[in-house]
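A short write-up of the structure that comes next.
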Amino acid sequence: MDIFFPRKCLGCASLLREEALSYVCAQCLKKIPLAAGFACAFCNSPVRAGKTCPYCVRNHSLDHLLVTSSYENPLVEKIVKTLKYRFVASLAEDMAGLMARYLKKKAAWLVDTKGIIVVPVPLHYSRLNWRGFNQAEIIGSNIAKSFDWQLATDAIKRICNQKPQADMPDRLSRIKNMHKAFKCTSSDSLINKAILLIDDVSATGSTLNDCARALKDAGARQVIGFVFARGRLNRKTNGLV
Numbered sequence: 009m010d011i012f013f014p015r016k017c018l019g020c021a022s023l024l025r026e027e028a029l030s031y032v033c034a035q036c037l038k039k040i041p042l043a044a045g046f047a048c049a050f051c052n053s054p055v056r057a058g059k060t061c062p063y064c065v066r067n068h069s070l071d072h073l074l075v076t077s078s079y080e081n082p083l084v085e086k087i088v089k090t091l092k093y094r095f096v097a098s099l100a101e102d103m104a105g106l107m108a109r110y111l112k113k114k115a116a117w118l119v120d121t122k123g124i125i126v127v128p129v130p131l132h133y134s135r136l137n138w139r140g141f142n143q144a145e146i147i148g149s150n151i152a153k154s155f156d157w158q159l160a161t162d163a164i165k166r167i168c169n170q171k172p173q174a175d176m177p178d179r180l181s182r183i184k185n186m187h188k189a190f191k192c193t194s195s196d197s198l199i200n201k202a203i204l205l206i207d208d209v210s211a212t213g214s215t216l217n218d219c220a221r222a223l224k225d226a227g228a229r230q231v232i233g234f235v236f237a238r239g240r241l242n243r244k245t246n247g248l249v
C-alpha cells in the first residue's frame with residue numbers, strides 16, 4: 009500500500025516506511041511542545057493541576073482540565089484536522105502516545121491515583137456512522153492500557169445530534185449547543201469514582217462540562233477532563249516546553 013499511496017509525515021513531509029500506520033514521524037512527535045502550566049477550563053485563569061477555579065466551580069461540573077498541547081501549534085492543528093476531516097484514525101494513537109507522555113511528566117499525581125475510570129466523550133450514532141470511528145474512544149483505550157485503568161466506553165451517551173462545536177460562531181452558542189446533550193447509561197459502576205474524561209480538543213469546555221454533569225448525576229465523585237489540545241492557551245499561565 010505504501011508503494012501506491014506513500015505516507016508522508018505531516019510535520020516534515022519525509023516518507024514514512026517504518027512507523028506502522030502513523031502519519032507523523034517519531035522526531036516530529038517529540039518536537040511537539042507540552043503545556044507546562046494549567047488554566048481554568050472556563051475562564052482561563054491560572055490554577056493548580058488544572059483545577060476549575062473557585063469562581064467557575066460554582067456553576068460547572070468539571071473539576072479539572074488537563075491539556076497536552078496548544079491548538080495554535082501548526083502540527084497539532086494539522087494532526088487534529090487530518091484525523092477528524094480526512095478520517096485518518098491511526099493519528100488518534102499518536103495523540104494518545106503524546107498524552108501519556110504528558111501525564112507522566114506533568115500529572116504524576118493522577119498517574120499514581122488508583123481506581124481511575126477512563127470515559128471517552130461519545131459521538132452521536134449518526135456522526136459515528138459518518139466518520140466510522142470515535143477518536144476519543146481510540147485515545148481513551150490507549151490511555152487506559154498505558155496506565156492499567158478501567159475503560160468505560162458506554163458510561164455516557166450523546167442523546168442529541170447537535171451541530172459540531174467547530175461550526176458554532178461564538179462561545180455562548182457553543183455552551184447552549186451542549187446543554188443537556190448527554191446522559192449516563194451505567195450509574196452503579198460510577199458511584200464515588202474518579203473519572204478521566206477524554207476528548208481530542210476543548211475550546212470553551214462546554215462539551216466536557218455537560219459530560220461531567222451527566223457523570224456526577226450518576227454518582228461520580230470527581231471528573232477530570234483530559235484533551236490533546238485546547239483552542240487557545242493563555243501564554244502567561246500555559247507556557248509550552
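What the sequence shown shows, in this note's numbering, is residues 9 to 249, in sequence order. Yeah, the Cβ is synthetic: ideal placement off N, Cα and C, and Gly gets one too.
- Taking Asn-81 as the centre and dropping the five residues before and after it, the same chain places the C-beta of Ile-40, Pro-41 closer than 7 Å to its C-beta, in chain order.
- Taken through DSSP and simplified to helix, strand or coil, Thr-161 comes out as coil.
- A distance of 9 Å or more separates the beta carbons of Asn-217 and Phe-46.
- By the criterion of at least three beta-carbon pairs nearer than 8 Å, the segment 188 to 200 is not in contact with the segment 109 to 120.
- With contacts defined by Cβ atoms closer than 9 Å, Ile-151 and Leu-204 form a contacting pair.
- Each of Lys-201, Lys-153, Asp-156 was checked against the Cα of Ala-163, and the nearest Cα belongs to Lys-201.
- Separation of the CB atoms of Ala-226 and Leu-70 is rounded to 15 Å, and the pair is thereby denied contact status at 8 Å.
- Below 8 Å, enough C-beta pairs join the segment 93 to 111 and the segment 19 to 34 to call them touching: three or more.
- The C-alpha of Ala-97 lies about 20 Å from the C-alpha of Ser-22.
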